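Asks: Quick one: the structure is below, and I'll ask about it shortly.
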Amino acid sequence: MTIPDKIISILELKRNTGERSTRMWIAHEGIVYDVTDCPKWRTGMHEFLHFPGQDLTSEIPDAPHKDEVFNHDCVTVIGRLESNI
1 MTIPDKIISI
11 LELKRNTGER
21 STRMWIAHEG
31 IVYDVTDCPK
41 WRTGMHEFLH
51 FPGQDLTSEI
61 PDAPHKDEVF
71 NHDCVTVIGR
81 LESNI
């Protein structure tokens, strides 16, 4: 996976929740992903548990899937989360 050089601030991540025509971004292990086009995020949350605009690193270990979900075609890598550079 190629990670763009773009640095995403925590505030910018929190603003991308899908509301007011923004994209839906999430972070995992310091990488920010756009999940807007993913069917599982269509309702603005994933499985009624996970909300966009957040760092989900601590939640993935409890999920029925692991970080391979970030390799799906509907997921786009945006850049690195600012606190992890």
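Per the working numbering, residue 1 is the first one in the sequence shown, and the count goes up by one each step. All residues carry an ideal CB built from backbone N, CA and C; glycine is no exception. Just so it is clear, the structure is predicted and the values come from calculations on it, not from any experiment.
1) Are there 16 or more other CB atoms within 10 angstroms of the CB of MET24, so buried, or fewer, so exposed?
2) Residues in the same chain with beta-carbon distance under 8 Å from TYR33, minus the five sequence neighbours each way, listed in chain order, please.
3) Where does LEU56 land, buried or exposed, given buried means 16+ other C-beta within 10 angstroms?
4) State yes or no: is the C-beta of ILE7 within less than 8 Å of the C-beta of GLU59?
Replies: According to the structure shown:
1) buried
2) TRP25, ILE26, ALA27, PHE70, VAL75, THR76, VAL77 and ILE78
3) buried
4) no
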